[in-house]
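Each residue of the first sequence is one higher than the one before, starting from 25 at the first, in this note's numbering.
What follows is a single structure, written as structure tokens, with notes after it.
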Amino acid sequence: MLRIYNTLSRKKEPFIPMESRKVRMYVCGMTTYSDAHIGHARTYVAFDIIRRYLEYKGYEVNYIQNITDIDDKIIKAAAEKNMDPLEYSDYYARRALGDMEALGVRKANFYPKASEHIDGMIELTSLLIRRGYAYVADGDVYFSVEKFQEYGKLSGQDMKQIKAGARIKPGEKKKKPEDFALWKAAKPGEPKWKSPWGEGRPGWHIECSVMSSLYLGIPFDIHGGGQDLIFPHHENEIAQAEAAYGKTFVNYWMHSGMLKVEGEKMSKSIGNIINVRDAIKRWDPEVIRFFFASYHYRSPADFSEEALKNAENAVKRLRIAREKLEEAARREAEEERMDEEAMDFLKKVEEAKKKFEDAMDDDFNTPRALEALFDLVRESNKYLMEGKVSSKACRSALETFLKMANVLTLLQEEKKKVDEGALRKLADKYGIKEAESEKIIEALIEIRRKARMEKNYALADEIRDGLKNMGIELEDVGKETRWRIV
RNA sequence: GGGCGGGUCACCUAGAGGCAGGGUGGCGGACUGCAGAUCCGCAUACGCGGGUUCAAAUCCCGCCCCGCCCUCCA
Numbered sequence: 025m026l027r028i029y030n031t032l033s034r035k036k037e038p039f040i041p042m043e044s045r046k047v048r049m050y051v052c053g054m055t056t057y058s059d060a061h062i063g064h065a066r067t068y069v070a071f072d073i074i075r076r077y078l079e080y081k082g083y084e085v086n087y088i089q090n091i092t093d094i095d096d097k098i099i100k101a102a103a104e105k106n107m108d109p110l111e112y113s114d115y116y117a118r119r120a121l122g123d124m125e126a127l128g129v130r131k132a133n134f135y136p137k138a139s140e141h142i143d144g145m146i147e148l149t150s151l152l153i154r155r156g157y158a159y160v161a162d163g164d165v166y167f168s169v170e171k172f173q174e175y176g177k178l179s180g181q182d183m184k185q186i187k188a189g190a191r192i193k194p195g196e197k198k199k200k201p202e203d204f205a206l207w208k209a210a211k212p213g214e215p216k217w218k219s220p221w222g223e224g225r226p227g228w229h230i231e232c233s234v235m236s237s238l239y240l241g242i243p244f245d246i247h248g249g250g251q252d253l254i255f256p257h258h259e260n261e262i263a264q265a266e267a268a269y270g271k272t273f274v275n276y277w278m279h280s281g282m283l284k285v286e287g288e289k290m291s292k293s294i295g296n297i298i299n300v301r302d303a304i305k306r307w308d309p310e311v312i313r314f315f316f317a318s319y320h321y322r323s324p325a326d327f328s329e330e331a332l333k334n335a336e337n338a339v340k341r342l343r344i345a346r347e348k349l350e351e352a353a354r355r356e357a358e359e360e361r362m363d364e365e366a367m368d369f370l371k372k373v374e375e376a377k378k379k380f381e382d383a384m385d386d387d388f389n390t391p392r393a394l395e396a397l398f399d400l401v402r403e404s405n406k407y408l409m410e411g412k413v414s415s416k417a418c419r420s421a422l423e424t425f426l427k428m429a430n431v432l433t434l435l436q437e438e439k440k441k442v443d444e445g446a447l448r449k450l451a452d453k454y455g456i457k458e459a460e461s462e463k464i465i466e467a468l469i470e471i472r473r474k475a476r477m478e479k480n481y482a483l484a485d486e487i488r489d490g491l492k493n494m495g496i497e498l499e500d501v502g503k504e505t506r507w508r509i510v
């Protein structure tokens with residue numbers, strides 16, 4: 025039974041979706057006025073894993089992630105570049121989606137944009153005015169927070185506290201400091217749309233209420249985002265939707281923890297923001313994903329050089345284990361038989377799988393799931409040390425291993441390619457005529473084998489080092505030599 | 001000040017009443033010409049002070065420290 029920590033109740037609750045085999049989830053996307061950074065990546069990797077596990081459990085997941093393309097910061101940044109705000113944000117939206125793809129985050133089913141849902145936002149705003157929850161003030165429309173009794177229930181604050189923290193900024197025409205804008209009257213040079221209250225543009229929070237309920241209906245199952253969105257963004261989304269429709273907006277609210285960099289908050293003033301595209305130049309995307317998976321999604325995480333190095337080594341171990349298992353799984357049919365050792369091995373694999381599912385069922389506990397993955401690695405390596413192995417058992421274990429890894433966004437990378445040019449050079453050096461990369465490597469290994477037999481270790485090591493320099497590692501196992509690309 | 005979450009080995013991270021788990025690193029052993037990989041073993045940890053309990057990292061009280069939010073935030 026899957027249990028999910030619900031921010032609303034501050035408890036883990038059994039997960040019961042609206043429809044038995046389908047899950048409807050919405051995750052707040054980016055405001056696209058600059059490149060995606062690793063903090064965004066953390067959130068989207070976390071929800072990618074959540075979505076993958078739901079699918080692993082057999083749910084069909086409809087995953088919607090919005091793009092905020094109307095916003096003060098976009099307007100300001102576009103104006104500085106003398107660009108149209110919508111074009112400007114579209115440029116960054118494309119880059120951000122590309123970055124996430126490069127990181128290995130699966131695409132959402134749909135990415136609705138705020139600018140394409142103005143009608144819906146006007147409709148919802150009108151409904152809120154009609155129902156007495158919102159008021160017009162000189163071309164602006166504000167939500168009257170005190171009218172919504174349950175305001176504060178998500179962030180766990182009472183109205184007194186909220187009022188204490190609220191302010192009226194210059195230019196705002198709201199009656200109470202805690203009220204928030206549903207619609208803002210147009211200022212010169214800003215993007216604007218026609219509305220019953222004059223030309224203007226929507227406030228930020230309304231887009232998510234509108235787009236989520238449009239594509240998923242309400243209530244829907246899961247609404248996610250970073251913890252920083254709990255207040256006021258998600259609090260306001262609840263107020264808007266529940267005041268307007270008179271029913272529950274979302275059943276499970278999920279929030280991912282914030283990401284620090286070398287122990288410090290990421291911020292413009294410190295100047296330590298790391299963009300996704302820079303991060304993946306330094307670190308393999310899979311290493312970054314492993315790093316994220318090694319933290320529980322609700323805990324704060326610290327993107328440090330040392331932690332990433334740890335992750336890098338751990339990922340290497342997973343990859344080698346996968347290759348060893350693949351190699352054994354491919355072996356000839358003579359070892360199709362399952363003997364006692366094979367049965368024992370598969371029992372261990374089943375245990376790991378059970379541990380994995382228990383961990384993930386417990387509010388997507390990926391660090392514990394990783395333990396299960398490493399249990400499987402150890403058992404697999406141990407089994408593979410035995411003289412004869414059952415290829416059938418290995419195929420079965422491999423399948424389970426990859427299924428588990430895939431949920432954690434691991435081991436899904438295409439095999440890396442050999443640098444053909446460099447390899448050709450090496451082939452020429454040793455007079456190898458073969459053309460195919462694999463054949464060349466095998467020929468080199470053969471030369472090295474002979475050298476080793478003649479105790480010409482200088483030559484043997486030279487070949488091994490030459491290959492190592494281009495990312496091909498040799499491994500002597502008994503009389504055999506295996507190779508892998510790293 | 002208010003809300004929420006934390007402080008566990010050298011480093012990272014699980015665990016939330018019953019021998020403290022995993023990863024990375026270290027040391028030793030097996031294997032090896034060496035290297036690598038792998039396996040086995042070893043060492044090292046519950047912020048501080050009280051309390052409850054047969055039993056506390058886990059529950060309660062107090063203190064210290066850290067992170068996020070409190071109308072820009074993933």
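Cβ atoms here follow ideal geometry from the backbone N, Cα and C, with glycine treated the same way.
Bounds of the beta strand (DSSP E) holding Thr-505 are 504-509. Annotation: the continuous beta strand (DSSP E) that includes Ala-325 extends over 325-327. Annotation for Phe-167: the continuous beta strand (DSSP E) segment containing it runs 164-167. Look at Phe-204 here: in three-state DSSP terms it is strand.
As a beta-bridge residue in DSSP terms, Val-501 pairs with Glu-504. For Arg-27, the uninterrupted beta strand (DSSP E) segment begins and ends at 27-30. In the structure shown, Met-282 falls within a coil segment according to DSSP collapsed to helix, strand and coil. Apart from the 5 residues on each side of it in sequence, Ile-496 sits with its Cβ closer than 6 Å to the Cβ of Trp-507, Ile-509 in its chain, given in chain order. Residue state for Lys-198 is assigned as coil, using DSSP reduced to three classes.
In the structure shown, the three-state DSSP call for Lys-46 is strand. If you compare the alpha carbons of Leu-238, Ser-420, Leu-370 with that of Tyr-269, the shortest gap goes to Leu-238. The beta carbons of Thr-31 and His-320 sit no closer together than 8 Å. Contact check for Lys-171 against Gly-156 passes: the beta carbons are separated by less than 8 Å. Contiguous beta strand (DSSP E) elements confined to the segment 335-369 do not occur, taking only those with 3 or more residues. With respect to the C-alpha of Leu-434, the residue from Thr-92, Ile-312, Arg-118 having the closest C-alpha is Ile-312. Taking C-beta atoms as the reference points, Ala-331 and Phe-315 count as a pair closer than 8 Å.
Around the C-beta of Gln-89, 16 or more other C-beta atoms lie within 10 Å, and the residue is accordingly described as buried. For the set Met-428, Leu-408, Gly-411, the Cα lying nearest the Cα of Glu-375 is the one of Met-428.
For Ile-142, there is no enclosing beta strand (DSSP E); the residue is found in the alpha helix (DSSP H) stretching over 142-154. Contact check for Glu-231 against Thr-92 passes: the beta carbons are separated by less than 8 Å. For Asn-493, there is no enclosing beta strand (DSSP E); the enclosing alpha helix (DSSP H) has its first and last residue at 481-493.
Around Ala-126, the same chain offers Ile-304, Pro-309 as residues with beta carbons nearer than 7 Å, after the five sequence neighbours per side are excluded. Note: Asp-245 is not bridge-paired with any residue in the DSSP secondary-structure output. Every beta strand (DSSP E) stretch that sits fully inside the segment 42-108 and reaches 3 residues is listed by chain position as 46-51, 84-89. For Pro-212, the closest alpha carbon among the candidates Ser-168, Leu-206, Ala-103, Asp-114 is that of Ala-103. Each residue's CA atom was taken as its position, placing Ala-265 and Arg-354 some 55 Å apart.
Look at Ile-262 here: in three-state DSSP terms it is helix. Cβ neighbours of Lys-197 within its own chain (closer than 6 Å, five residues either side excluded): Ala-161, Asp-162, Asp-164. Minimum Cα-Cα distance from Lys-440 among the listed residues Lys-97, Ser-139, Gln-173, Arg-343 corresponds to Arg-343. At the C-beta level, Met-384 and Tyr-77 come within 8 Å of one another.
Per DSSP, reduced to three states, the secondary structure at Glu-470 is helical. Look at the beta carbons and you see the segment 277-293 not touching the segment 108-115: under three pairs across the two are nearer than 8 Å. Taking all protein chains in view, the Cβ of Asn-260 is crowded by 16 or more other Cβ atoms within 10 Å, so the residue is classified as buried.
Note on Val-501: under 16 other CB atoms within 10 angstroms of its CB, so exposed under the neighbour-count rule.
Of all C-beta pairs linking the segment 127-135 to the segment 179-194, fewer than three are shorter than 8 Å, placing the two stretches out of contact. In the three-state scheme derived from DSSP, where H, G and I count as helix and E and B as strand, Tyr-175 is classed as coil.
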